Structure formats: C-alpha cells, structure tokens
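*Asks:* Structure incoming, see below.
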Amino acid sequence: MSNLYELNNIEQHYDGKKVLSIDNLTLDQNQIIGFFGPNGSGKSTLFSLLSFVSKPSLGKIEFQGIENKKMNLDARQSVVMVPQNPYLLKRSVFDNVAYGLKLRNDTSDINERVYEALALVGLDISFSKRKWSQLSGGEAQRVALAARLILKPKVLILDEPTAGVDTNSAQLIKEAVLMAKQKWNTTLFIASHDHNWLNHICDKKVALFQGEIVESGSVNLLFAPWEKDSNGNLVKVFLDGQRLLIENSEHKKRDSVVMVNSDAITLTSMELENSLECHALHGVVSSIHQQQEDFLLIETTVGGVCLNSKISRAEMQKQKLLPGDKVCVTVNTENICYI
Amino acid sequence: MNLFTDGFNQALELLLSGNNSVYSAISATITVSTWSLLISLLIGLPLGFALGYYKFPGKSIVRTIVDTLLALPTVVIGLIAYTMLSQSGPLGEFNLLFSQSAIIIGQIVLGLPIIIALTAAQVESVDKRLYTSLKGLGARPIQILNATLIEARFGIMTAAVTAYGRIITEIGISMMVGGNIKYHTRTVTTAIALETGKGEFVTGIALGIVLFAMALMVNISLSILKRGWTQ
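Which chain is which? The protein sequence lines are A and B, in order.
All you need for our numbering is the position in the first sequence, starting with 1, plus 1222.
All you need for our numbering is the position in the second sequence, starting with 1, plus 278.
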C-alpha cells in the first residue's frame, strides 16, 4: 500500500479566520476513507484541498509524491469531487454527464458511455433528454455522480453524497461508489454523517473537529450540552434519562466535547450479566463491522446516541453478541480527551 | 393624433416605395450598431467576467467607475471622440472623423460599460457552487470562463439587448463624429433630428416608427431564442 496524498502543516484561512489546520495526514491509495465530524468541522474545506479546487493558505500537499504546485493537468484531472449539493449545468442530463469528457477532449463513443454511466446510478436512458430543471434532488445527485463515474477517476471524493436524498437514491449512490472501487480500483474519500454506512464500507476513518484532525480511526465524540453533578463533574444525560458521569472533570465547561476511543468502551451481554446488577449504561447493539482481522467494531445505541466499541473476535465469540441484543456499556472515563 | 397615424402611413409608404435615403439610413444604423455591439461584446464579456469573478485590490473602485460610465451622456462621448479623431487629436492621422468607423468607435465607448457592468453583475449572481463543481471535474480556467458565461447566458443576452437599445437610439455620437452625411453616415436617429429640424414631423415620426420596429424585431428574436433554450 503506498501513499497517495501527504499533507504537511496545512492551514486554510477564510477572511483571516483559520478554518483548517492539519499537521500531518497521509492517505493511502485503493482505500475507502471516511471523514466524519459535526457541521463546520472542516470536512468540505479539506475536500476542496484534496480535489485541488482550492489551494491551502499554508503548507504542502503532495499527490503521488508530487507537490500540488508542480502537478500536471492529467494528475489533477484524475481526482474528481462530487461537492455537497452539486451544481448541474443548465443543460440536458446528457450534456451534464458528458461535460467532463468534453473538458478532456475524450468524446469517442460518448453516447454509449453516457448511457452506461446513467445505468450505474440507476437512471434510464430516457433520462438523458431531461432538462436540469426536471430532476428531483435525488436524481440530480445521481446525475452529478454519473458525471464523475464516466471519467473512471483515480480518486473520487464525495462530500455528503446521501444527505437530503430519498432512501432509494441513497442506496443507489452507495452501490455506485462501491462499484467504482471494485471496477476501477478508485480510491474513495467520503464525508458523511451516516456512521453506520462509513463503518460498513471504510478501510479507515478520519474524525475532524473545529478544523483539526482529532483521531484517525474509530473514535466517539460526545457533544454538549453537559450537566454538572454536586461535585462539579460533567454528566451526560441521554434522551432516555441514563447518565454518564465523567470523573475528575470539575474544571471542564458545559460546552466541552469529549472524545472516547472505541477501545475505551466495553460491552457485556445482558445474558451474561444480570441486568439489575449492571451499573453501567444500557444499550442495544445496532450493527457489527469487521475493522481489522482480529477485531470487530460494534455500534451500540444508548439513548439515541451511537457509540462504537472495538472488541476482539475471541471476546465476541464468547459473548455471542448479535444486532438487537441488549448490552451493558461501560465507558472507561480515565482515558478520554477533551476537545 | 393625426401626426401619428400620418406618420405610421408614411412609414409604410417610405418602406414600400424603397426610398433610397431611408434605406441608406436604416442600413447605416444596422451596420454601425451591429459592429459596435459585436466589438463591445468581444471586449466587454471577458472584462465583465473578470470584474464579476475575481477578487483584486481596487475592485470596488473599478466597479464604481464602470457604473458611473453607464450614465455618460452620448453627446459627451461624441465630444471626446471628436477631440480624439480630429486632425489635431491623437488619432487624427487615421482620418476617421465623419466616417462610419468614427461612429462605431464612439458607440463602443457607449456600449462597453453596459456590457461590462451587466456581465459582471450576472457572473456575480451565478450560483457559487458552479465553480466548485467545475473545478471538481477538472476544468481549466478558460473552460470555467466559458461555462460561466454560458450559464449566465440569459442575463448576458439582456446585457446585449440593453446595450443594443442604447446604441441604436443614440444621436449625440452619430451627429458629432458622423456628421450626418447623406448616404454615408446618416443614421435613423440623425435623420429624425434633421427632418424634425426642417419641420417634416411626419417623416420624423415615420423614421421613429422604423427605429422602434428594429428594436422590436431584435427583442422578439432574442425572446424566441431564450424560449428555445429554456424548453
């Protein structure tokens, strides 16, 4: 596996305000890398740098070992991005899908290639004649994706591709991007709030918060509001009334963001432990994903909040956990970080 | 009211009889206004794009100057053009004064600020996502300019029509640097001024109706074109 991107001492400023700061980030090729974090955390800014839409205010980006300033057009054009709410040209669907090929003066068999790209996102040939104004939000998003897939890119960057689209369109988009990976070995960078999807398909996840990378891997972010107990410690009150006390947090503010690593959360099956004796949080297993060969990532819902925990395959076999099972969730609050 | 009906009847008569002086004025008007509009578009579209698209120091000052030039009286443009093209002026050696070329130069000065200002406004109003989408597809700067102008085509057409309307109806420039020479630099507007000055109001109104018909035809053609694009 070799480095595709290397970012060093990157800073991006808008109107004098720092919106992104990355000391070092390496992204490998032929992987699916998920980016997550709250709105305004810098995902779109990072994507605009990775897709060469904008240049960093400070720092260096290397793509395939070449600094972005010295890169040729072919290398730049091998990276394409579907931005959040992509813009469709005021032309027909056919012209929109074919536009990238025309930019590259690559128009051989253009009709067949447009129809093929439309089919990849589940759109019929008859759609090619439609005007941009005759599409629903989900259809427009799929047309924008088809316009990128037709280019068979080396890197495909998707900024919240399933946000605001119907379930059917979201499913077709998910299938189409995976197909790009399988068919052309495309490296995928995906920003999404759909943690379940990211857990399911990503080789690696990168968490961003307030313009900084907080962890590359599986982390949990617990956001404000926090309450204070009688000793002044932070207490997270979940929607179902369950409470998580953070010890030794007297000096922390109520708007703090707490980062908990996935291996700091342990799960115990309610069948193994008497539920009455469980003093930890109660949760329900919502999904199980393979993270590494010997480890699994279990997503558990506690009072509407999703928590990821890393469990060894041996432990998993011992506990025999399945989605839907009730579990005791213990959070080791000694190893948490405040952001 | 008789003046208008007589004027309308005479306009038809003049056009149907193939009156040489009228057709010469119409031809001169179409020739100079078309050339001046085309050259204004050629220069004004890239400048308008640059003004609307890029951020640069002094942009607001340039914008204010361009907006101010929109209100420049045609007689002042005519006067400046006259000074430049007269024998003692910096362009005197080209002997352009009292020629159709002189009118075209003056009308470019008239049309250019309109094209630049309205194109800049249209480019500024183009959805900001367009740039990200085009760059994200790997478009080069010239391809972004092209696509942006095509996306803003309806607004730019309005700019062209506005500029054309101002150009074909101006009289100050045509009179001052054209000299109103029959069969040569006499345009419809200078002919109207001449006929009215001679007391030939009906002929003046007839020519006015011809001018109005020309403007109407341009607008109808563009409206049909616009409808074709949107459907």
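Where is the CB? At the ideal position from N, CA and C, for every residue including glycine.
This structure is a prediction, so every number in the text was calculated from the model and none was measured.
Could you tell me the alpha carbon to alpha carbon distance between P351 (chain B) and S452 (chain B), rounded to whole angstroms?
*Replies:* Sequence index remark: in the second sequence, residue 351 (chain B) carries index 73 (1-based). Sequence index remark: in the second sequence, residue 452 (chain B) carries index 174 (1-based). Taking the straight line joining both Cα atoms gives about 13 Å.
*Asks:* 8 Å is my cut-off, CB to CB: does L423 (chain B) come that close to chain A?
*Replies:* As a first step, residue 423 (chain B) must be located in the second sequence, where it is residue number 145. It does not; no Cβ of chain A falls within 8 Å.
*Asks:* Look at the Cβ atom of A1362 (chain A), then the Cβ atom of L1310 (chain A), and state whether they are nearer than 8 Å.
*Replies:* In the first sequence, residue 1362 (chain A) corresponds to position 140, counting from 1. In the first sequence, residue 1310 (chain A) corresponds to position 88, counting from 1. Cβ distance < 8 Å, so A1362 (chain A) and L1310 (chain A) count as in contact.
*Asks:* Where does A1413 (chain A) sit, in a helix, a strand or coil, going by DSSP?
*Replies:* Stepping through the first sequence from its first residue, residue 1413 (chain A) is reached at position 191. If DSSP states are grouped into helix, strand and coil, A1413 (chain A) belongs with the strands.
*Asks:* Go ahead and pull the three-state DSSP assignment for D1562 (chain A).
*Replies:* This structure cannot settle anything about residue 1562 (chain A), because the visible part of chain A is limited to 1223 through 1561.
*Asks:* Can you tell which of B:T312, B:G475, B:N497, B:S305 has the C-alpha that lies nearest to the C-alpha of T465 (chain B)?
*Replies:* One-based indexing of the second sequence puts residue 465 (chain B) at position 187. Per the Cα distances, B:S305.
*Asks:* With the cut-off set at 8 Å, would you say T397 (chain B) and I446 (chain B) are in Cβ contact?
*Replies:* For the purposes of this step, residue 397 (chain B) is taken as the residue at position 119 of the second sequence. For the purposes of this step, residue 446 (chain B) is taken as the residue at position 168 of the second sequence. Contact: no.
*Asks:* Considering K1240 (chain A), what are the terminal residues of the beta strand (DSSP E) in which it resides?
*Replies:* What you label residue 1240 (chain A) is simply residue 18 of the first sequence in a count that begins at 1. Element bounds for K1240 (chain A): 1239 to 1250.
*Asks:* Tell me, to the nearest whole angstrom, how far the beta carbon of I487 (chain B) is from that of G285 (chain B); I am working on the premise that it is less than 8 Å.
*Replies:* The sequence position of residue 487 (chain B) within the second sequence is 209, counting from 1. The sequence position of residue 285 (chain B) within the second sequence is 7, counting from 1. Yes, I487 (chain B) and G285 (chain B) are in contact; Cβ-Cβ is about 6 Å, under 8 Å.
*Asks:* Which residues in the same chain have their Cβ closer than 6 Å to the Cβ of N1557 (chain A), if we skip the five residues on either side of it in sequence?
*Replies:* Position 335 of the first sequence, counting from 1, holds the residue named residue 1557 (chain A). Scanning its chain for C-beta atoms nearer than 6 Å, with the 5 sequence neighbours on each side dropped, one finds around N1557 (chain A) the residues A1486, in chain order.
*Asks:* Give me the DSSP bridge partner(s) of H1511 (chain A).
*Replies:* Here the question's residue 1511 (chain A) lines up with position 289 in the first sequence. According to DSSP, H1511 (chain A) bridges with A:L1519.
*Asks:* Against chain B, does P1278 (chain A) count as a neighbour if the rule is that its beta carbon must be under 8 Å from one of theirs?
*Replies:* Looking up residue 1278 (chain A) in the first sequence gives position 56. For P1278 (chain A), the answer is no, since every Cβ of chain B falls outside 8 Å of its Cβ.
*Asks:* Do N1290 (chain A) and F1274 (chain A) have their C-beta atoms within less than 8 Å of each other?
*Replies:* The residue you call residue 1290 (chain A) lines up with position 68 of the first sequence. The residue you call residue 1274 (chain A) lines up with position 52 of the first sequence. Cβ atoms of N1290 (chain A) and F1274 (chain A): closer than 8 Å.
*Asks:* CA-CA distance, L1441 (chain A) and L1466 (chain A)?
*Replies:* The count along the first sequence starts at 1 and reaches residue 1441 (chain A) at position 219. The count along the first sequence starts at 1 and reaches residue 1466 (chain A) at position 244. The sequence shown places Val at residue 1441 (chain A), not Leu. So the two alpha carbons sit approximately 17 Å from each other.
*Asks:* Entirely within the segment 1315 to 1393 of chain A and at least 3 residues each: give me those beta strand (DSSP E) ranges in chain order.
*Replies:* 1377 to 1381
*Asks:* If you reduce the DSSP assignment to three classes, tell me which class E1469 (chain A) lands in.
*Replies:* Your numbering for residue 1469 (chain A) matches position 247 in the first sequence. Three-state result, E1469 (chain A): coil.
*Asks:* Please classify T266 (chain B): is it buried, with 16 or more other beta-carbons within 10 angstroms of its beta-carbon, or exposed?
*Replies:* Absent from the structure is residue 266 (chain B), since the part of chain B shown begins at 279 and ends at 509.
*Asks:* Among B:E478, B:L315, B:N424, which one has its Cα closest to the Cα of V401 (chain B)?
*Replies:* Here the question's residue 401 (chain B) lines up with position 123 in the second sequence. If we check each option's Cα against that of V401 (chain B), B:N424 comes out closest.
*Asks:* Find the nearest neighbour of P1447 (chain A) within the set A:N1455, A:V1459, A:V1436, A:D1547, judged by alpha-carbon distance.
*Replies:* Looking up residue 1447 (chain A) in the first sequence gives position 225. It is A:V1459.
*Asks:* Name the DSSP bridge partner or partners of A430 (chain B)?
*Replies:* The sequence position of residue 430 (chain B) within the second sequence is 152, counting from 1. A430 (chain B) pairs with nothing; no bridge assigned.
*Asks:* Between the Cα of I225 (chain B) and the Cα atoms of B:N287, B:T309, B:Y331, which residue gives the shortest distance?
*Replies:* This structure leaves residue 225 (chain B) out entirely; chain B is present only between 279 and 509.
*Asks:* Any idea which residues DSSP pairs S1531 (chain A) with across the strands?
*Replies:* The residue given as residue 1531 (chain A) occupies position 309 in the first sequence. DSSP, once it has assigned bridges, lists A:I1520 as partnering S1531 (chain A).
*Asks:* Starting from A1446 (chain A), trace the beta strand (DSSP E) in both directions and tell me its first and last residue.
*Replies:* In the first sequence, the residue the question calls residue 1446 (chain A) occupies position 224. Counting along the chain, A1446 (chain A) falls outside any beta strand (DSSP E), and DSSP gives it neither H nor E.
*Asks:* From what residue to what residue does the beta strand (DSSP E) around Y332 (chain B) run?
*Replies:* Looking up residue 332 (chain B) in the second sequence gives position 54. Note, Y332 (chain B): premise wrong, no beta strand (DSSP E); not H, not E.
*Asks:* Check whether chain B comes within 8 Å of P1447 (chain A), counting only Cβ atoms and requiring the distance to be less than that.
*Replies:* Position 225 of the first sequence, counting from 1, holds the residue named residue 1447 (chain A). With 8 Å as the cut-off, P1447 (chain A) does not count as an interface residue toward chain B.
*Asks:* Using a Cβ cut-off of 8 Å, pull out every chain A residue sitting near L506 (chain B), in sequence order please.
*Replies:* Residue mapping note: residue 506 (chain B) aligns to position 228 of the second sequence, counting from 1. The amino acid occupying residue 506 (chain B) in the given sequence is Gly; Leu does not appear at that position. The contacting residues do not exist; G506 (chain B) stays about 12 Å from chain A at best.
*Asks:* Would S1263 (chain A) pass as a contact of L1430 (chain A) if the rule is Cβ separation under 8 Å?
*Replies:* In the first sequence, residue 1263 (chain A) corresponds to position 41, counting from 1. In the first sequence, residue 1430 (chain A) corresponds to position 208, counting from 1. Taking 8 Å as the Cβ cut-off, S1263 (chain A) and L1430 (chain A) qualify as a contacting pair.
*Asks:* Alpha carbon to alpha carbon, what distance is there between I383 (chain B) and N1246 (chain A)?
*Replies:* As a working note, residue 1246 (chain A) is residue 24 in the first sequence. As a working note, residue 383 (chain B) is residue 105 in the second sequence. Rounded to whole angstroms, N1246 (chain A) to I383 (chain B) spans 58 Å at the Cα level.
*Asks:* Could you pull out every residue in the same chain whose Cβ sits closer than 7 Å to the Cβ of G1259 (chain A), ignoring the five residues on either side in sequence?
*Replies:* In the first sequence, the residue the question calls residue 1259 (chain A) occupies position 37. Result list for G1259 (chain A): K1265, A1429, L1430, F1431, in chain order.
*Asks:* Between the Cα of K1450 (chain A) and the Cα atoms of A:E1469, A:V1527, A:N1252, which residue gives the shortest distance?
*Replies:* For the purposes of this step, residue 1450 (chain A) is taken as residue 228 along the first sequence, with counting starting at 1. The option with the nearest alpha carbon to K1450 (chain A) is A:E1469.
*Asks:* What residues match up with N1585 (chain A) in a beta bridge as DSSP calls it?
*Replies:* Absent from the structure is residue 1585 (chain A), since the part of chain A shown begins at 1223 and ends at 1561.
*Asks:* Bridge partners of M1303 (chain A), per DSSP?
*Replies:* By one-based count along the first sequence, residue 1303 (chain A) stands at place 81. In the DSSP secondary-structure assignment, M1303 (chain A) is bridged to A:I1379.
*Asks:* Would you please verify whether the beta carbon of N1307 (chain A) is less than 8 Å from any beta carbon of chain B?
*Replies:* The sequence position of residue 1307 (chain A) within the first sequence is 85, counting from 1. Output row for N1307 (chain A): interface = yes.
*Asks:* Per DSSP, which one or two residues make a beta bridge with N1483 (chain A)?
*Replies:* Start at 1 with the first residue of the first sequence, and residue 1483 (chain A) comes out as number 261. Per DSSP, A:V1441.
*Asks:* If the cut is a Cβ gap below 9 Å, which residues of chain B does Y1321 (chain A) touch?
*Replies:* Translated into the one-based positions of the first sequence, residue 1321 (chain A) becomes position 99. Those are L412, L415, A417, A425, listed as they occur along chain B.
*Asks:* How is the beta strand (DSSP E) around I1255 (chain A) delimited, first residue to last?
*Replies:* As a first step, residue 1255 (chain A) must be located in the first sequence, where it is residue number 33. Run containing I1255 (chain A): 1254 to 1258, per the beta strand (DSSP E) assignment.
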